[in-house]
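Those protein sequence lines, which keep their order, are chains A and B.
Per the working numbering, the very first residue in the first sequence carries number 118; after that it's consecutive.
Per the working numbering, the very first residue in the second sequence carries number 892; after that it's consecutive.
Shown next, in structure tokens, is the structure this report addresses.
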Amino acid sequence: MLFTNLFQYSFVLRGLEAGVIVALIAPLIGIFLVLRRYSLIADTLSHVSLAGLAIGSLIGINPVLTALGATLLASLGIERLRTTKKIYGESALAIFLSGSLALAVVLLSMAHGFSTNLLNYLFGSIVTVTNGDVITIAILAIIVIALLIAFYKELVYITFDEEAARVSGIPTRFINTLLILLSAMTVSLSIPIVGVLLISALIVFPVITALQFKKGLKTTIIYAEIISIISVLIGIVASFYLNLAAGGVIVLVMVIIFSMTLLFQKFLSSL
Amino acid sequence: MIHTETVLEARDIHFSYGENTVLKGVTLAVQKGDYLGIVGPNGAGKTTLLKIMLGLMAPSQGTIAWFGNDIHQFKDWPKIGYVPQKATNFDGHFPATVYEVALMGRYGRRGLFHLTTSDDKNQAQKALEHVGMWELKDRLISDLSGGQQQRVFIARALAIEPEIIFLDEPTVGIDQQAKNDFYALLRKLNHELGKTLVLISHDIEMVTREVDHIACVDRELVCYSTPEEFLKNTRFTGVHEGEVQVIVHGHQH
């Protein structure tokens, strides 16, 4: 009975489709970002995407596409600043984070304040997910997964030991750039579901939870996937019945799973 | 052992960080089958020289040739195995099993767009068997002792099926027994598998017992000789901050 009710609404179905796609992709990128101590890149790119969304809203183009363009450009800029080592890596992130937030605020004030639509982009909502969004997300997801499979071994080796990877002939600069471009795409495609402010949680939480189990890389990725998909499904269903913001519920579920895992591991090690 | 083919040739290598000269005119060749120890005090430029040889850093002056090809034209990197200094390169919390680490050695050889094959898995297994770590293949790398971890890193370098293996201070932080076992393993790689070895270490006592040739680097190439000649021409001046200080009397170029 419960689920027939849920699926009567086509927007719930769209939300679930988009949510599961995002849940699949986020930990695949997250594992490399977390292990390379790049977690903050996701946060930075999500703020950049807000500026992209504002541009899209202003000029009347699908905001997800302008957000994608903005994050792709910014990711290349961040990587360039990081590799030329003219400034500290974290400062490069700070420049892009606050700079793009400032741009977003200015653009939004030009558009005379926050529209409801933009609030949804900030916090995520399955109600606003359109058919077009689902298609855009699905296409981006296929590209991200295909590239991740194609360059999986190079990404793994660079993440574990960049120098040894370089000596063995792996084009490290290319792979690093690829990773940050894929991060930008993942951030953009996650916006409609979890919202700009919570994307980095989606990318980081399942991975750091899976890492608590102290398994090998493949097993860790599988655990992160399971945690991510369960959290997104629970979050979307709960947000529907309780009429809450989907992004917030999803991330709270992730926080609960993470805390339970920590307590469980502590309990195990005290035995 | 008679060495004929030149594997690596470094010619007149200079390197400086701003005003600070790290390397000054180092010329050094490694022959096929050689077991070369590069020794010298901390901060003498050993690791910098190694990184220049491996193409990780560019020298301010001088040339590197691999198997007769200039390093810029050289493409056959899977001929070279590299075991980096563990302390600076290894994240102790990285979630990888022993087997996953060994398999990484195959990743460079396989090339872009290729998935790992059963041949890669066989080579990774063979490499782990060579270093005596196959039984621990499912353990996390971070759960192993320092000596065991180094064996896994050797296996990773072996899995690539290299002709030459570079090792940067491989025995730092491991106990004496593990050190002895480790050097026995290197001897086996050199004698039985015919791998050319270049070993950077400040453990002069151990190195002189093991290698075919010794190169002393202290910004310049201070000496290059067999261990016997090296011992004849140098005297130990004691241990200073954990490091054996050596004074070289005669230059043996």
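Glycine included, every Cβ here is placed at the ideal spot set by N, Cα and C.
Small disclaimer: the values here were computed from a predicted structure and weren't measured.
Short Cβ contact (8 angstroms threshold) for B:ALA1046 with B:VAL1022: Between B:ALA1046 and B:VAL1022, the gap from beta carbon to beta carbon is short of 8 angstroms.
Is it right to say A:ASN237 is buried, meaning 16 or more other beta carbons lie within 10 angstroms of its own, or is it exposed? buried
Cβ closer than 9 angstroms: which chain A residues qualify as neighbours of B:ARG1042? Result: empty, since nearest Cβ-Cβ is about 15 angstroms, beyond 9 angstroms.
Name the one or two DSSP bridge partners that A:VAL244 has. For A:VAL244, which the question treats as bridged, DSSP gives no partner whatsoever.
Delimiting residues of the alpha helix (DSSP H) encompassing B:LYS1017: 1009–1021
Inter-stretch contact (C-beta, 8 angstroms, three-pair minimum) for the stretch 313–331 of chain A and the stretch 148–162 of chain A: yes
In angstroms with no decimal places, state the Cα-to-Cα distance between A:LEU220 and A:GLY136. 28 angstroms
Which same chain residues end up closer than 6 angstroms to B:ASP1152 when comparing Cβ atoms and leaving out the 5 residues on each side of it in sequence? This structure leaves residue 1152 of chain B out entirely; chain B is present only between 892 and 1144.
According to DSSP, is A:TYR340 part of a helix, a strand, or is it coil? In the displayed model, A:TYR340 falls within a helix according to three-state DSSP.
Using a 10 Å radius around the Cβ and a threshold of 16 neighbouring Cβ atoms, would you call B:ASN1081 buried or exposed? buried
Starting from B:PHE906, follow its DSSP beta bridges and name the residues at the other end. B:LEU914
Return the Cβ separation of B:ASN911 and B:HIS1093 in integer angstroms, given the expectation that the two are a contact with Cβ distance under 8 angstroms. Separation of the CB atoms of B:ASN911 and B:HIS1093 is rounded to 20 angstroms, and the pair is thereby denied contact status at 8 angstroms.
Would the stretch 1044–1058 of chain B and the stretch 969–989 of chain B be scored as touching if the rule is three or more Cβ pairs under 8 angstroms? yes
Pick out whichever of A:ALA168, A:SER156, A:ILE297, A:VAL246 has its Cα sitting closest to the Cα of A:LEU224. A:ALA168
Closest to A:ASP160 by C-alpha separation, out of A:PHE124, A:GLY177, A:VAL321, would be which residue? A:VAL321
Three-state secondary structure assigned by DSSP to B:ASN960: strand
Within chain B, the residues that A:LYS383 reaches when beta carbons sit closer than 8 angstroms: None at all; the shortest Cβ gap to chain B is about 17 angstroms.
Where A:LEU130 and A:LYS203 are concerned, what is the direct C-alpha to C-alpha distance, given to the nearest angstrom? 48 angstroms
DSSP state of B:HIS1093 mapped onto helix, strand, coil: coil
How long is the line joining the alpha carbons of A:MET371 and A:ALA363, rounded to whole angstroms? 12 angstroms
Run through the stretch 1095–1124 of chain B for me and flag every whole alpha helix (DSSP H) of 4 or more residues, listed as ranges in chain order. 1095–1101, 1118–1124
Report the residue from B:THR897, B:VAL930, B:GLY936 whose alpha carbon sits nearest the alpha carbon of B:GLY916. When only C-alpha atoms are compared, the closest one is B:GLY936.
Where A:PHE268 sits in the DSSP three-state scheme: coil
Starting from B:TYR973, trace the beta strand (DSSP E) in both directions and tell me its first and last residue. 971–974
Please check the pair B:LEU1031 and B:PRO986, which I expect to be a contact at CB under 8 angstroms, by giving their CB distance rounded to whole angstroms. 7 angstroms
7 angstroms Cβ cut-off: residues of chain A touching B:ALA987: PHE277, GLY333, LEU334
Neighbourhood of B:LYS1070 by C-beta distance below 6 angstroms, restricted to the same chain and skipping five residues each side: So the qualifying residues of the chain are THR1062.
May I ask which residues mark the beginning and end of the alpha helix (DSSP H) holding A:ILE374? 363–387
Using a Cβ distance threshold of 8 angstroms, determine whether the stretch 1046–1058 of chain B contacts the stretch 1072–1092 of chain B, with at least three qualifying pairs required. yes
Contact with chain B by A:LEU369, beta-carbon distance below 8 angstroms: no
Please state if the CB of A:GLY249 and the CB of A:SER310 are separated by a distance shorter than 8 angstroms. In the sequence under discussion, the amino acid at residue 310 of chain A is Ile, which differs from the Ser named in the question. Contact: no.
Which of the three DSSP states, helix, strand or coil, is assigned to A:TYR126? coil
Where does A:GLN329 fall in DSSP's three states? coil
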